[in-house]
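Sequential numbering from 1 applies to the sequence shown in my numbering.
All C-beta atoms in this analysis are idealised placements derived from N, C-alpha and C, irrespective of residue type, glycine included.
Since the structure comes first, as structure tokens, the remarks are kept for the end.
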Amino acid sequence: MRLIKNFTLATVALGVALAVQAAEPLKIGLVLTMTGPFASYGKQVEHGIQLYLAKNGNTIAGRKVELIIKDDAPGTAGDVSKRLAQELVVKDNVDILAGFVLTPSAFAVAPVATEAKRPMIVLNAATSAITTKSDYIVRTSMTLPQVTAPLASWAAKSGIKKVFTVVADYGPGHDAEGQFKKTFTAAGGQIVGEVRVPVRNPDFAPYLQKVKDTKPDAVFIFVPAGEAGIAFMKGFQEKGLAKAGIKVIATGDLLDEDVLDAIGDPALGVISSFHYSEAHNSPENKAFTAAYAKAYPKDRPNFMAVAGYDGMHLIAEVLKKTGGDAEADKFIAAARGMKWTSPRGPISIDPVTRDIVQTVYIRKVTKIAGKLQNVEFDRVADFKDPGKQ
Ligand code: PHB
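Rendered as structure tokens:
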């Protein structure tokens with residue numbers, strides 16, 4: 001009798017403890033670049049997260065979502081991101097770490113996720129190796145090898161024989177350069193020159209002169225989305241490279257919807273490869289872009305907004321599976337192999353690498369109803385990061 005009573009009491013106590021736990025808010029610590037030259041990254045990711053919560057409600061598996069945003073501007077200094085992530089764990093006791101728009105930030109925080117045993121959702125940073133730096137990382141954005149290889153294949157079969165590569169001198173740029181070279185030369189193409197430019201405020205004038213003198217069929221460029229791309233396209237036009245018949249081919253970072261209007265008509269006809277376009281034709285994207293336009297009429301949705309939206313989707317679906325438990329091992333086990341239809345198209349989380357698998361589209365900048373858009377005309381479906389093979 002006594003035993004039964006004790007057992008019953010223990011069961012009741014456990015039930016109460018679980019109920020309290022279930023009612024606890026779900027704290028998500030977001031390390032995002034919100035000010036400085038990369039401020040648009042944090043803004044776009046946050047827009048995506050907010051749109052997901054507005055559509056689906058901000059209670060997940062009985063837990064109210066609480067977002068705590070820390071600005072790691074300038075975004076290129078990993079130590080700032082690391083300190084903020086540590087604060088989020090120690091002071092705010094967050095359940096989940098998310099954000100990380102620039103590669104140095106993701107690399108610096110990976111050991112924090114491992115030590116603190118927190119799931120870490122990478123919402124933009126796109127160097128291939130990031131997901132190998134902690135067993136608790138899942139990525140919902142892309143990798144540079146993933147979006148570069150299909151472009152290199154397309155170029156080789158589209159009459160482009162000689163390419164000059166221009167990349168930002170850090171992780172994603174090195175990845176893009178390496179993958180382009182590998183895929184393009186394997187398909188018979190030739191690399192006739194290569195330069196690495198500073199991540200911030202590169203002066204493209206000397207490089208563009210060199211490209212012009214080398215007379216390639218095309219320049220392949222990767223720079224982190226934003227000002228650098230605008231400056232490159234302006235210089236390309238002003239120095240007469242387009243007139244000399246040299247083409248620009250790029251990953252979609254160059255032409256994302258946040259900067260496409262600022263580049264203007266010189267972007268017309270440029271071919272790029274990427275996983276998201278505002279013009280992607282699907283019911284999911286129509287709903288997403290309509291909600292975005294309503295909530296943020298001054299901005300256009302880009303790939304970072306979609307990665308934020310999908311990152312929040314991942315968190316919500318994982319927690320539904322675990323009954324609200326965000327414990328890192330359970331979280332990651334539930335995330336492996338998850339599949340859904342994003343505004344960008346069908347996506348999944350690779351069960352082995354925890355990285356994203358998705359369709360990569362080849363697109364051409366076209367004017368639709370007076371608006372520059374990346375119009376998709378070819379695709380490689382279910383494409384894994386080739387950087388890990
Ligand atoms: C990165 O730092 O990993 C990064 C930043 C901007 C991009 C792509 C990758 O457009």
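Compare the C-alpha of tyrosine 170 against each of Lys212, Ile60, Thr127 and name the closest.
Distance from the Cα of tyrosine 170 is smallest, within the candidate group Lys212, Ile60, Thr127, for Thr127.
If you draw a straight line from the alpha carbon of threonine 390 to that of alanine 108, how long is it in whole angstroms?
One cannot answer for residue 390 here, as it falls past the ends of the chain, which runs 1 to 389.
As a quick exercise: from Ile356, Gly345, Asp350, Lys64, pick the residue whose alpha carbon is nearest that of glutamate 376.
Ranked by Cα distance from glutamate 376, the options Ile356, Gly345, Asp350, Lys64 are led by Gly345.
How big is the Cα-Cα spacing for alanine 110 and glutamine 358?
A straight-line Cα-Cα distance of about 23 Å links alanine 110 and glutamine 358.
Taking the alpha carbon of serine 134 as the point to measure from, which residue in Val380, Arg354, Lys367, Lys388 has its own alpha carbon closest?
Its Cα nearest to that of serine 134, the residue Arg354 stands out among Val380, Arg354, Lys367, Lys388.
Taking just the CA atoms, how far does glycine 29 sit from leucine 254?
One Cα belongs to leucine 254, the other to glycine 29, and the distance between them is close to 29 Å.
With a threshold of 7 Å, establish whether the CB of threonine 289 neighbours any heavy atom of the ligand PHB.
Distances taken from the Cβ of threonine 289 to the heavy atoms of the ligand PHB include none shorter than 7 Å.
Output the residue ranges of the alpha helix (DSSP H) runs that lie fully inside the region 116-193 and measure 4 residues or longer, sorted by chain position.
Annotation: the region 116-193 contains the following complete segments of the alpha helix (DSSP H) (minimum length 4 residues), in chain order: 144-156, 171-186.
How about glycine 48: is its Cβ closer than 7 Å to a heavy atom in the ligand PHB?
Because no heavy atom of the ligand PHB lies under 7 Å away, the Cβ of glycine 48 does not count as near it: no.
Measure the CB-CB distance between glycine 252 and serine 282 and report whether it falls below 8 Å.
Not closer than 8 Å, so no.
Can you give me the start and stop residues for the alpha helix (DSSP H) that glutamate 376 sits inside?
Careful: glutamate 376 lies outside any alpha helix (DSSP H), inside the beta strand (DSSP E) at 371-383.
Per DSSP, lysine 243 forms a beta bridge with which residues?
According to DSSP, which records beta bridges pairwise, lysine 243 is partnered with nothing at all.
Tell me, to the nearest whole angstrom, how far the beta carbon of glycine 264 is from that of serine 40; I am working on the premise that it is less than 8 Å.
Under the criterion of beta carbons closer than 8 Å, glycine 264 and serine 40 do not qualify as touching, at roughly 17 Å.
Would a C-beta distance cut-off of 8 Å place alanine 152 and phenylalanine 180 closer than the cut-off?
It is a contact, given that the beta carbons lie within the stated cut-off.
Over the uninterrupted alpha helix (DSSP H) stretch that includes serine 40, give me the two end residues.
Where serine 40 is concerned, the enclosing alpha helix (DSSP H) stretches over 39-56.
Am I right that asparagine 374 and serine 277 are in contact with their C-beta atoms under 8 Å? What's the rounded C-beta distance?
Taking 8 Å as the upper bound for CB-CB distance, asparagine 374 and serine 277 are in contact here, some 4 Å apart.
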